[in-house]
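Heads up: the sequence shown begins at 0 in numbering that gives the first Met the number 0, then just goes up one per residue. Down below is the structure, laid out as structure tokens.
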Amino acid sequence: MIVPLRRLAVFVIIFVVLSACAAPENSDEGSGDGGGPAPGDAIKIGVNIELSGPAGVQGAAYQNAVELVAAQINETGVLDGQQIELIIRDNKSDPTEALQVAKGMIENDNVVGMVGGGSSPTTLSLVDYVESAGVPIVSMGSSGAIVNPPDQRTFVFKTPANTGQIVDVMLEDFAEQGIESVGFISVDNPYGDAGLQAFQAAADEGRVNLVGTEKFPAEDRDYTSIVTNLVSANPDAIVVWAIPPGAGIVAQNAAAAGYEGQLYFDAGAGAELFIQGAGEAAEGVRMIHPAVLVADEVQDAPNLEVMQTFYDSYTEEYGDFSGFASYAADALNLIVAAIEEAGSIDRTDVRDALESLTYTGITGVYEMTPTDHGGLSTDSLFVLTVEDGEWTLAA
Numbered sequence: 000m001i002v003p004l005r006r007l008a009v010f011v012i013i014f015v016v017l018s019a020c021a022a023p024e025n026s027d028e029g030s031g032d033g034g035g036p037a038p039g040d041a042i043k044i045g046v047n048i049e050l051s052g053p054a055g056v057q058g059a060a061y062q063n064a065v066e067l068v069a070a071q072i073n074e075t076g077v078l079d080g081q082q083i084e085l086i087i088r089d090n091k092s093d094p095t096e097a098l099q100v101a102k103g104m105i106e107n108d109n110v111v112g113m114v115g116g117g118s119s120p121t122t123l124s125l126v127d128y129v130e131s132a133g134v135p136i137v138s139m140g141s142s143g144a145i146v147n148p149p150d151q152r153t154f155v156f157k158t159p160a161n162t163g164q165i166v167d168v169m170l171e172d173f174a175e176q177g178i179e180s181v182g183f184i185s186v187d188n189p190y191g192d193a194g195l196q197a198f199q200a201a202a203d204e205g206r207v208n209l210v211g212t213e214k215f216p217a218e219d220r221d222y223t224s225i226v227t228n229l230v231s232a233n234p235d236a237i238v239v240w241a242i243p244p245g246a247g248i249v250a251q252n253a254a255a256a257g258y259e260g261q262l263y264f265d266a267g268a269g270a271e272l273f274i275q276g277a278g279e280a281a282e283g284v285r286m287i288h289p290a291v292l293v294a295d296e297v298q299d300a301p302n303l304e305v306m307q308t309f310y311d312s313y314t315e316e317y318g319d320f321s322g323f324a325s326y327a328a329d330a331l332n333l334i335v336a337a338i339e340e341a342g343s344i345d346r347t348d349v350r351d352a353l354e355s356l357t358y359t360g361i362t363g364v365y366e367m368t369p370t371d372h373g374g375l376s377t378d379s380l381f382v383l384t385v386e387d388g389e390w391t392l393a394a
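Okay, here's the thing in structure tokens:
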């Protein structure tokens, strides 16, 4: 569907482009070899997200975020005042459907670029297609396989931290908290597998003592038996790699099993529905996440103004803030920043500009390079905890 854009309170999106190349004189013409719409038309950008299915909690936040950002961008327009037009479609949290959505957007809607997929499984299903089609995408999936190997993912970018970055920050916190033995439980899909592989690699390197691992299907709603298996190993901490509702169910099951150790979550738990779903079991858990979820507590960060302004605008418009929102907002802003930097709506020109952008975003500071199409600084990640039913910076 084509989403009507509402005019909302303007918030400032700051980006810094390091590329020294100036736009060519007739730079608004998008008729180069890279394809794209005719100059003067609305600039169509696809949004391929999970509005239903197991990852629907993500898709709702993604849609809110891109509509908010698009409305602000259209206050002044892009290039010579052109409007952007979002083509938002539901991939139903299904990899096969996500690929079909991408094909429709590229072949029928003639989008310049695409935001999405919104998860690792849906993105991995379409990366080969968009690569062959020559259309730049910015995914909200976290798996490193989305952008690696770089020479096979030249049109593919992403906004969340790499799995390895999350693990590195988590292991640093383990050391500070005196945690030595760890159990690991994850959703059984490519996103969960990426977390498991990263922890197994850390264990092989002697960085953590991994005493047990378990997986659960995304569609299940009770994991008592597998959580009990991990609890019986008596690890100092249990790491959960899942989004809501699964993440909250694990927390409840662990509490019911009498687990007294520390629960850790990756950034996938960073939505208001985690705390709502986990209830009292959320209290005291720790999570690695960008600071935007606690924007009002951060005093010093290179993206402080952007982060706080977006947080305020989002909560004013929609109520509760979702940690997923910043990934989609940054994805759209990155594509638009690349269009502005390229001075063109040619798809290849936009890709080339994306690959050299330094962008101060909501999630953190991105520095894209030919070998790093994620580009998010590890300094953008913080350890959060739940106190009195709210996320807060961990002591």
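Positions of the beta carbon are idealized from the N, C-alpha and C atoms, including for glycine.
Exposed or buried, which one is Asn47 when buried takes at least 16 other CB atoms within 10 Å?
By one-based count along the sequence shown, residue 47 stands at place 48. Buried.
Under 8 Å, with one C-beta from each stretch per pair, do the region 114-123 and the region 140-158 reach the 3-pair mark?
yes
Environment of Gln82 [buried if 16+ CB atoms lie within 10 Å]:
Numbered from 1 along the sequence shown, position 83 holds the residue referred to as residue 82. That one is exposed.
Measuring only the C-alpha atoms, how far is Met104 from Ser124?
If you number the sequence shown from 1, residue 104 lands on position 105. If you number the sequence shown from 1, residue 124 lands on position 125. Each residue's alpha carbon lies about 15 Å from the other.
Measure the C-alpha to C-alpha separation of Pro243 and Val56 and round it to an integer number of angstroms.
Residue 243 sits at position 244 when you count from the first residue of the sequence shown. Residue 56 sits at position 57 when you count from the first residue of the sequence shown. Answer to the nearest angstrom: the Cα atoms are 7 Å apart.
Output the distance between the C-alpha atoms of Glu366 and His372, rounded to the nearest integer angstrom.
Position 367 of the sequence shown, counted from the first residue, corresponds to residue 366. Position 373 of the sequence shown, counted from the first residue, corresponds to residue 372. Distance between the alpha carbons of Glu366 and His372 is about 8 Å.
Which of helix, strand or coil does DSSP assign to Asn252?
The residue labelled residue 252 in the question sits at position 253 within the sequence shown. Three-state DSSP puts Asn252 in a helix.
CA-CA distance, Thr357 and Ala290?
Counting from 1 along the sequence shown, the entry for residue 357 is found at position 358. Counting from 1 along the sequence shown, the entry for residue 290 is found at position 291. Rounded to the nearest angstrom, the gap between the Cα atoms of Thr357 and Ala290 is 19 Å.
Phe154 versus Ile42: straight-line alpha-carbon distance, rounded
Within the sequence shown, residue 154 is the residue found at index 155, counting from 1. Within the sequence shown, residue 42 is the residue found at index 43, counting from 1. Roughly 18 Å between the two C-alpha positions.
Give me the Cα-Cα distance between Pro159 and Gly140, rounded to the nearest whole angstrom.
Here residue 159 refers to the residue found at position 160 of the sequence shown. Here residue 140 refers to the residue found at position 141 of the sequence shown. Pro159 and Gly140: Cα-Cα distance of roughly 7 Å.
Can you round the beta-carbon distance between Val168 and Ile287 to whole angstroms, since I take them to be within the 8 Å contact cut?
Numbered from its first residue, the sequence shown carries residue 168 at position 169. Numbered from its first residue, the sequence shown carries residue 287 at position 288. Val168 to Ile287, Cβ: 5 Å. Contact.
Decide yes or no for the touch test of the region 253-265 against the region 312-327: beta carbon pairs closer than 8 Å, at least 3 of them.
Touching, no, given that fewer than three Cβ pairs across the two stretches are closer than 8 Å.
Can you tell me which of Val385, Ala352, Gly360, Val335 puts its alpha carbon nearest to the alpha carbon of Asp79?
The sequence position of residue 79 within the sequence shown is 80, counting from 1. With distances taken between Cα atoms, Asp79 lies closest to Val335.
What does DSSP give as the partner residue(s) for Asp371 in the beta ladder?
The sequence position of residue 371 within the sequence shown is 372, counting from 1. The partner list for Asp371 (beta bridge, DSSP) reads Thr368.
Since Ala169 sits in a beta bridge, which residues does DSSP pair it with?
For the purposes of this step, residue 169 is identified with residue 170 of the sequence shown, where counting begins at 1. A quick correction: the sequence has Met, not Ala, at residue 169. The partner list for Met169 (beta bridge, DSSP) is empty, contrary to what the question assumes.
Identified DSSP bridge partners for Ile42
As a first step, residue 42 is located in the sequence shown; it is residue number 43 there, counting from the start. Partner(s): Ile83.
Give a yes or no on whether the C-beta atoms belonging to Leu375 and Thr359 are separated by under 8 Å.
As a working mapping, residue 375 is identified with position 376 in the sequence shown. As a working mapping, residue 359 is identified with position 360 in the sequence shown. Cβ distance not < 8 Å, so Leu375 and Thr359 don't count as in contact.
Three or more beta-carbon pairs under 8 Å between the region 206-215 and the region 174-188, yes or no?
yes
Looking only at DSSP bridge pairs, what is Phe156 linked to?
By one-based count along the sequence shown, residue 156 stands at place 157. Beta-bridge pairing links Phe156 to Val137.
Going by the DSSP bridge assignment, what does Ser180 pair with across the sheet?
Working through the sequence shown from its first residue, we reach residue 180 at position 181. Under DSSP, the beta-bridge partners assigned to Ser180 are Asn208.
Should Pro234 go down as buried or exposed, given a rule of 16 or more other Cβ atoms within 10 Å for buried?
What you label residue 234 is simply residue 235 of the sequence shown in a count that begins at 1. Result: buried.
What does the alpha-carbon distance come out to for the pair Ala280 and Val114?
For the purposes of this step, residue 280 is taken as the residue at position 281 of the sequence shown. For the purposes of this step, residue 114 is taken as the residue at position 115 of the sequence shown. Rounded to the nearest angstrom, the two C-alpha atoms are 34 Å apart.
In this structure, does DSSP put Ala300 in helix, strand or coil?
Within the sequence shown, the letter at position 301 stands for residue 300. Here Ala300 sits in coil by DSSP.
Which residues bound the alpha helix (DSSP H) around Gln57?
For the purposes of this step, residue 57 is taken as the residue at position 58 of the sequence shown. Counting along the chain, the alpha helix (DSSP H) containing Gln57 begins and ends at 55-72.
Here's the rule I'm using: 16 or more other beta-carbon atoms within 10 Å means buried, otherwise exposed. How should Pro216 be labelled?
Here residue 216 refers to the residue found at position 217 when the sequence shown is read from its first residue. So Pro216 ends up on the exposed side.
Given a threshold of 16 other Cβ atoms within 10 Å of its Cβ, counted over all protein chains shown, does Ser312 qualify as buried or as exposed?
Position 313 of the sequence shown, counting from 1, holds the residue named residue 312. Buried, because 16 or more other Cβ atoms sit within 10 Å of the Cβ of Ser312.
Buried or exposed: where does Ala241 fall if 16 or more other Cβ atoms within 10 Å of its Cβ makes it buried?
Within the sequence shown, residue 241 is the residue found at index 242, counting from 1. With 16 or more Cβ atoms within 10 Å of its Cβ, Ala241 is classed as buried.
Got a sec? Which residues, its chain only, sit under 7 Å from Ala277 by beta carbon, not counting five neighbours each side?
Your numbering for residue 277 matches position 278 in the sequence shown. When the five nearest sequence neighbours on each side are left out, the beta carbons in the same chain lying within less than 7 Å of the beta carbon of Ala277 are those of Gly247, Ala250, Gln251, in order along the chain.
With 16 other Cβ atoms within 10 Å as the buried cut-off, status of Gly231
Counting from one through the sequence shown, the residue named residue 231 turns up at place 232. A small fix is needed here, since residue 231 is Ser in this sequence, not Gly. The residue in question, Ser231, is exposed, as its Cβ has fewer than 16 Cβ neighbours within 10 Å.
Between Asp329, Leu272, Ile165, which lies nearest to Gly388 when the distance is taken from Cα to Cα?
The residue labelled residue 388 in the question sits at position 389 within the sequence shown. Of Asp329, Leu272, Ile165, the residue nearest in Cα terms is Leu272.
With DSSP run on the structure shown, which of helix, strand or coil describes Pro189?
Taking the sequence shown and counting its residues from 1, one reaches residue 189 at position 190. Reduced to three states, the DSSP call for Pro189 is helix.
Check whether the Cβ atoms of Val293 and Leu229 lie closer than 8 Å to each other.
By 1-based counting over the sequence shown, the position of residue 293 is 294. By 1-based counting over the sequence shown, the position of residue 229 is 230. No. Outside cutoff.
Between the C-alpha atoms of Phe309 and Thr95, what's the straight-line distance to the nearest angstrom?
Numbered from its first residue, the sequence shown carries residue 309 at position 310. Numbered from its first residue, the sequence shown carries residue 95 at position 96. Roughly 33 Å between the two C-alpha positions.
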